[in-house]
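Residue numbers (this note's numbering): 11 to 468.
Have a look at the structure below, then the notes.
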Amino acid sequence: MSTNNSPWIKQLARTRPIAENNNINDTDIVIVGGGIAGVATAYYILQNTDKKVCLLEADKVAHGATGHNAGQLVLDFERPLSDLVKQFGFDLVMNSVRDLEHSWILVEEILEKIKKDVSISTFLQSVGYTTYDQLIISLEESFLRRQANLHAYEVFVKKEIIFKEEDLEKYKTFINFVDEEIILNLLESKDKKYIAVSQTKAGCANSALLTENIIIYLLENYKDRFYLSENTPVQEVVLFENNSIIKIPQGEIKSQKVVLCTNGFENILLTNKSGGDIDTKFHHNVEGYVGYMAAYTDSLGRNPTALTYYNTESTDPDDPYFYLTRRPYDLEKNNPRSNLVSVGGPGIWLPDSTHYQRTNPYPEEIEKSIREFINQTYIHAPDDTEYLFMWHGLMGFTKDYLRLIGYEPCNNTLLYNLGCNGVGLLTSIYGGYRVSKILSSDTVELSIFDPKDNRCEI
Ligand SMILES: Cc1cc2nc3c(=O)[nH]c(=O)nc-3n(C[C@H](O)[C@H](O)[C@H](O)COP(=O)(O)OP(=O)(O)OC[C@H]3O[C@@H](n4cnc5c(N)ncnc54)[C@H](O)[C@@H]3O)c2cc1C
11 MSTNNSPWIK QLARTRPIAE NNNINDTDIV IVGGGIAGVA TAYYILQNTD
61 KKVCLLEADK VAHGATGHNA GQLVLDFERP LSDLVKQFGF DLVMNSVRDL
111 EHSWILVEEI LEKIKKDVSI STFLQSVGYT TYDQLIISLE ESFLRRQANL
161 HAYEVFVKKE IIFKEEDLEK YKTFINFVDE EIILNLLESK DKKYIAVSQT
211 KAGCANSALL TENIIIYLLE NYKDRFYLSE NTPVQEVVLF ENNSIIKIPQ
261 GEIKSQKVVL CTNGFENILL TNKSGGDIDT KFHHNVEGYV GYMAAYTDSL
311 GRNPTALTYY NTESTDPDDP YFYLTRRPYD LEKNNPRSNL VSVGGPGIWL
361 PDSTHYQRTN PYPEEIEKSI REFINQTYIH APDDTEYLFM WHGLMGFTKD
411 YLRLIGYEPC NNTLLYNLGC NGVGLLTSIY GGYRVSKILS SDTVELSIFD
461 PKDNRCEI
């Protein structure tokens, strides 16, 4: 068994030679990081401006978190919406949510433009709750969405659940009392501990394949102003008032702007020659979490789906929960042989100074907890699950669990589209779109994703 064997990288079956470019000295915009965030950022800057763009990737395009995730397309946050409203206020949060919902259209437009076969399934995902507190958080989300005139889904609640009077009064339009059997059916579960289920729009995709296909499109369509260099770790970025020097093994590149799309763990020395010290502030703001996944193949026949199980009593976003996706897995091109059932959830926070290695072994206790969970929960789990794939990837959690998109407050030469968190595929694409709008000087409204000036905090 390989230590990190991702089905998305396997499906990529990449034959494109490594793009190593030694001839870039001067450009308008350097993007650091060739995951979905960096590639989407390049896509939108090239589409929405006439700038020259250079994308530098330390390894290979799409081989970071983009090649090692669960592939769910969802617009969830890793914190309750009510919590965000407390921090940022109702208007700012709900305007940001409304803007973010645009991501679905962005993905469709990209697929239409690149004309590549990247299968994306969409459906309603089901999320199961174990406790009353978790249920109320979900109902509050529907309540806030309705208040903001956004689509609000109803929540299916086991009919035996007794609500506090004030909760019932506040949330009654979103509550659909049902038999336990419906809860179990929606969650495809045999575990009777779930008391409620919410549903939201979701999809699944191989984000590595999508990212690689966007890169091929950019290389073909912007030959005169798009440059890619893989195997090119950026070592230092020196920021001046109106431009920057980017130091790479091949030499130096001068660029007007730099966009970090590195997921937050870039090992880059950031030297700011015009303003405060960015480096220490920034690195204290992203914490690493290694997420673990396992997948097996099953016969075709069941529809694609995504299921999330809050299987403990916790409402703390730091505590793990399990998630499962099922989608056709067409390893042999144009010939979907089977469904791929992927399960994830358990993870390990990295101590500050530890550097994640993609080749790190897969801990036995994590494999055991995934096995236990699926046997206890998923009704279609085979008796003896043989995992064809087991993989892990790095999530970068910003301090407030939100992606950072926009200008570094200390120096506008630097921008970010990073901080992947566990739910970051659609937000990476949205982030690329937003960065292009910021750079093309369109007025962009304030957002919860705007980087904050942390100079006073550390
Ligand atoms: C186990 C797991 C499950 C997940 N499941 C989901 C999910 O179901 N749905 C969802 O929406 N999100 C999910 N995510 C999150 C999602 O994968 C990320 O949000 C997304 O891939 C982030 O893309 P990115 O481009 O920001 O980061 P990455 O794909 O990690 O790309 C960053 C790139 O920057 C490069 N880089 C770093 N430093 C340098 C440097 N100094 N010089 C040059 N290049 C550099 C890296 O090599 C890397 O390729 C999951 C993540 C994990 C780990």
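Ideal Cβ positions, reconstructed from N, Cα and C, are used throughout, including at glycine.
Small disclaimer: the values here were computed from a predicted structure and weren't measured.
Exercise. Is it true that the region 271-288 meets the region 302-321, where meeting means three or more beta-carbon pairs spaced less than 8 Å apart?
Worked result: The answer is no - the region 302-321 does not touch the region 271-288, with fewer than three Cβ pairs under 8 Å.
Exercise. Within 7 Å: the Cβ of Glu67 and any heavy atom of ligand 1?
Worked result: Correct: Glu67 has its Cβ closer than 7 Å to ligand 1.
For this session: Report yes or no: do three or more beta-carbon pairs, one from the region 145-156 and one from the region 186-196, lie closer than 8 Å?
Result: Touching, no.
Problem set entry | Contact test: Ser438 Cβ vs ligand 1 heavy atom, cutoff 7 Å | At least one heavy atom of ligand 1 sits closer than 7 Å to the Cβ of Ser438.
Exercise. Taking Cβ to Cβ, would you say Thr76 is nearer than 8 Å to Asn370?
Worked result: Contact: no.
Exercise. Alpha carbon to alpha carbon, how far is Pro90 from Glu382?
Worked result: Pro90 and Glu382 have their C-alpha atoms some 28 Å from each other.
Exercise. What do you reckon, is the C-beta of Leu435 under 7 Å from a heavy atom of ligand 1?
Worked result: At least one heavy atom of ligand 1 is nearer than 7 Å to the Cβ of Leu435, so yes.
Problem set entry | Asn35 (DSSP reduced to helix, strand or coil) | Coil.
Exercise. At which residues does the alpha helix (DSSP H) containing Tyr227 begin and terminate?
Worked result: In the DSSP annotation of this structure, the continuous segment of the alpha helix (DSSP H) that includes Tyr227 starts and ends at 217-231.
Exercise. Between His390 and Lys200, what straight-line distance do the alpha-carbon atoms span, to the nearest angstrom?
Worked result: When rounded, the distance between both Cα atoms is 9 Å.
Exercise. Who are the near neighbours of Arg108 in its chain, counting only those whose CB is closer than 8 Å to its CB and skipping five residues on each side?
Worked result: Answer for Arg108: Ala158, Leu160, listed in chain order.
Exercise. Does the beta carbon of Leu197 fall short of 7 Å from some heavy atom of ligand 1?
Worked result: Flag unset: Cβ of Leu197 not near ligand 1.
For this session: Closer than 7 Å by C-beta to Asn35: which residues in its own chain qualify, once you throw out the five before and the five after it? Chain order, please.
Result: Taking Asn35 as the centre and dropping the five residues before and after it, the same chain places the C-beta of Ile263, Lys264 closer than 7 Å to its C-beta, in chain order.
Exercise. Say the cut is 7 Å; is the CB of Val268 nearer than that to a heavy atom of ligand 1?
Worked result: The answer is no for Val268.
Problem set entry | C-alpha gap between Lys203 and Asn321, whole angstroms | Roughly 8 Å between the two C-alpha positions.
Exercise. Contact between the region 41-55 and the region 420-440: three or more CB pairs below 8 Å?
Worked result: With contact defined as three or more Cβ pairs closer than 8 Å, the region 41-55 and the region 420-440 are in contact.
Problem set entry | 8 Å Cβ shell around Leu178 - same chain, five flanking residues per side excluded | Ile185.
For this session: Tell me whether Gln157 sits in a helix, a strand or coil according to DSSP, three-state version.
Result: In this structure, Gln157 counts as helix in the three-state DSSP scheme.
Exercise. Looking at the structure shown, is Gly403 part of a helix, part of a strand, or coil, going by DSSP?
Worked result: Secondary structure of Gly403 (DSSP, three-state): strand.
Exercise. When you compare only the Cα positions, how much space is there between Arg312 and Asp393?
Worked result: Cα to Cα, Arg312 sits roughly 18 Å from Asp393.
Exercise. Given that a residue counts as buried once 16 or more other Cβ atoms are within 10 Å of its Cβ, and exposed if not, what is Ile468?
Worked result: For Ile468, the predicted structure reports a pLDDT of 36, less than 50, and the residue's modelled location is therefore unreliable. The matter cannot be settled from this model.
Exercise. Comparing the CB of Met405 with every heavy atom of ligand 1, is any distance shorter than 7 Å?
Worked result: Result yes, Cβ under 7 Å from ligand 1.
For this session: Say yes only if the C-beta of His78 is nearer than 7 Å to one or more non-hydrogen atoms of ligand 1, and no if none qualify.
Result: Flag set: Cβ of His78 near ligand 1.
For this session: Report yes if the C-beta of Pro243 is less than 7 Å from at least one heavy atom of ligand 1; otherwise report no.
Result: Yes; taking the cut-off as 7 Å, the Cβ of Pro243 has a heavy atom of ligand 1 nearer than that.
Exercise. According to DSSP, what are the bridge partners of Ala316?
Worked result: Here Ala316 is bridged, per DSSP, to Thr335.
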